[in-house]
Amino acid sequence: MGVKIGVFPASGALGSSIVNHLTKLVPESDLVLSARHPEKLHDLKQAGATAHRLAIDAAIKSGVKYIFYSSLGFGGDLTDQTIAHVMGAHIQTEKYLSSLQDRLSYTIVREGIYTESFPIYTAFFNPQHPLDEVTIPHSGSGPGMAWVKRDELGEATAKLIASYVNDPTSFEYLNKALLLSGSRDISLAESVEIIGRAIEKPLKIREISIDEYVQLPQIGDKHTYKGVNLSREWATAWEAIRRGEAAAVSPTLREILGREPESYETTIKALVG
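Take the sequence shown: its letter number 33 is residue 33 in the UniProt record's numbering, and every next letter is one higher.
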């Protein structure tokens, strides 16, 4: 094949999945794997986007011609608007990539919300030591989340990369964005009920304020970055969910995989059952 494929970071959960599936699609000698080295940035609000921009600039200088960027599944159906702090850096990075079309080509892959990340959206609910309720700053009503299995995101992303490498001229996502989501929007209330069924314990959501949320003992330093507690900033995700930012359902994952994505229920049962 001859084309070198760099994966950065290659050691994270999604990165490892992408690499695992790429090894089944391209020669391993074509893969260049990089570990993450965070930049020492002081502006926490902009740190993510700045680090992404530095990485992109470095890639261009080193001769990279095409970037597949793994973004996040907030922002609705590929809009460039978000209220979620966690999505802000991704939106800025997407815009930066789109401004570089005279220097490199790209594909933006909005990776849907992992089913495996359910603890983040349930105030770090622990199935091994379950409480009777999930206390979050959200009522649990829809719109909800188009949950998706992480390894299927890795598989689909790897197939996209291999598709481009094998036949660049017919690749349909050149300088475009796509959304990889689960097959249905599941409210947070139903999401929690499904977890409850998997552990054979009735569960429900009790809505609390953001002030109460950030004081929950299980939150602790879970949202702390460089010594700064960003729990309030992260809590903007609840309003984003309320506005439907994580509820968009796209057929693209199914089309790339060539099968129906694994259901939230199935993945949850395997995780906690």
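Every residue gets a Cβ at the ideal spot worked out from N, C-alpha and C, and that includes glycine.
In this structure, the straight-line span from the alpha carbon of G182 to that of T157 is close to 14 Å.
The Cβ atoms of Y264 and W147 lie closer than 8 Å to each other.
Nearest Cα to G63 within the set S105, P168, I83: S105. Put simply, of G15, A123, N229 the residue whose alpha carbon is nearest the alpha carbon of K204 is A123. As far as DSSP is concerned, K65 takes part in no beta bridge. Beta-bridge partners of T107 (DSSP): F68, K176. Under the criterion of beta carbons closer than 8 Å, G73 and G112 qualify as touching, at roughly 4 Å.
Cβ atoms of S250 and L180 come within 8 Å of each other, at about 7 Å. Under the criterion of beta carbons closer than 8 Å, I268 and A177 do not qualify as touching, at roughly 28 Å.
With at least 16 other beta carbons inside 10 angstroms of its own, V192 counts as buried. Under the three-state reduction of DSSP, K159 is assigned to helix.
Looking at the backbone, the Cα of E245 and that of E255 are separated by about 22 Å.
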